[in-house]
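Below you'll find the structure, written out as structure tokens, and then a few comments.
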Amino acid sequence: MIACEAVTKSLGGRRVLDAISAKITPGKVLGLIGPNGAGKSTLVRTLAAETRPDEGRVTIDGNDAAALSPLALAKVRAMLPQSPELVFDFTVRELVLLGRTPHAQAETKACTAMVDRCLAAVGLAAQSELPATSLSGGERQRAHLARVLAQIGLGETGRYLLLDEPVSNQDPAWQLRLLDVVREVSHRGVGVAVVLHDLNLAARSCDELALLRKGTVAEVGPPADVLRPALLQDVFEVEAHVDQDPWVAGIPRVTFRSVSKPLG
């Protein structure tokens, strides 16, 4: 389990996380939802030990995350930031192969097979020898997802996967396909935390949701317990309606009433 306890973090003089506690459980998907500026990205980076809290502590399988070396962290968890950068002109295959670096210093047959599986999972097998910089924004996002999937060996060599808006550049079909891949990885025992803005995708894809508001957790629990009209209206400051997803039994569906005003 990855857990943070009473974590506080300030950025630029503003408190972004305020005595917050959360946990990532092996075999489960935790969705982090909430309005802009609620602290979702900072929380997922803190859980990944990419940034240290000002107060509180983060533990990974009972060990203080601050005491773990970068290599030890890379072996047990993979983190996909919101906007990963491409610094070098790698091919798509070379980019995905980077994910195996913590586990093997040279490419082996096993590494090659794992990279092939990850490329296929995100629909980029045919583009594997292209420069990664030649990909569209959505394809590049999928390539980076393949890289972190390779880092955890699709659940065979890593225990935790942390994702910050991993499907923000995808069309509806690919949003669903990629989140299905994430769920399949969780079924292999990987603990997942994923930041999502689309509440309906979150409801379909996550076992639990943590609804953040101004650096605190307003509610945590199964989607049906968290996605309540009064709570959503209070947090997002817009009228919400919740009914049932017509395609998936037992899953809530959220719609919001427009609050747009005519231009003056």
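Here numbering that gives the first Met the number 0 is used: the first residue of the sequence shown is 0, the next is one more, and so on. Quick reminder that beta carbons are idealized off the backbone N, C-alpha and C, glycines included. The structure presented is a predicted model; accordingly, all values stated were derived computationally and were not measured.
Residue closest to E106, alpha-carbon to alpha-carbon, out of L118, R92, A119: Here the closest residue by C-alpha is R92.
With 16 other CB atoms within 10 Å as the buried threshold, where does Q243 fall? Exposed is the label assigned to Q243, since fewer than 16 other Cβ atoms lie within 10 Å of its Cβ.
Test item: CB-CB of L31 and V43 under 9 Å: Their beta carbons are under 9 Å apart, which means L31 touches V43 by this criterion.
Nearest to G188 by CA position, among V28, A18, A145, is which residue? Nearest option by C-alpha distance: V28.
On the DSSP bridge assignment, give the partners of H240 in chain order. Residue pairing by DSSP places H240 opposite T254 in a beta bridge.
Pull up the distance between the alpha-carbon of S257 and that of E238, whole angstroms please. So the two alpha carbons sit approximately 8 Å from each other.
For P52 versus Y159, is the C-beta distance shorter than 9 Å? If you check the CB distance, P52 and Y159 do not come in under 9 Å.
Rounded to the nearest angstrom, what separates M113 and V191 at their Cα positions? Computed Cα separation, rounded: 20 Å.
Residues bridged to K8 [DSSP beta-bridge criterion]: Within the DSSP bridge table, the entry for K8 names L16 as partners.
Tell me whether D88 is buried or exposed, calling it buried when 16 or more other Cβ atoms sit within 10 Å of its Cβ. With fewer than 16 other Cβ atoms within 10 Å, it is exposed.
With a threshold of 16 other CB atoms inside 10 Å of the CB of P261, please say whether the residue is buried or exposed. Its Cβ having fewer than 16 others within 10 Å, P261 is exposed.
Report the option in A47, G33, G122 whose CA atom is closest to the CA atom of C3. For the set A47, G33, G122, the Cα lying nearest the Cα of C3 is the one of A47.
Does DSSP put G190 in a helix, a strand or coil? If DSSP states are grouped into helix, strand and coil, G190 belongs with the strands.
Give the single residue among D179, K39, Q174, H102 whose Cα lies nearest to the Cα of I151. Comparing Cα-Cα distances from I151 to each of D179, K39, Q174, H102, the minimum goes to H102.
Kindly indicate the opening and closing residues of the alpha helix (DSSP H) around L144. L144 -> alpha helix (DSSP H) spans 136-150.
Suppose the cutoff is 7 Å on Cβ atoms and the five residues either side in sequence are ignored; what does the same chain contact list for T132 look like? Around T132: L85, D88.
Determine whether the beta carbon atoms of A149 and L123 lie at a separation below 9 Å. Taking 9 Å as the cut-off, the Cβ atoms of A149 and L123 do not count as close.
Rounded to whole angstroms, what's the CA-CA distance from R203 to N62? Just pull it up for me. Our two residues, R203 and N62, have alpha carbons roughly 32 Å apart in a direct line.
Going by DSSP, name the residue or residues bridged to T58. A2, D63, per the DSSP bridge assignment.
Note down the Cα distance separating D163 from G38, rounded to an integer number of angstroms. Approximately 12 Å between the Cα atoms of the pair.
Which of helix, strand or coil DSSP assigns to D233: DSSP places D233 in helix when its eight states are reduced to three.
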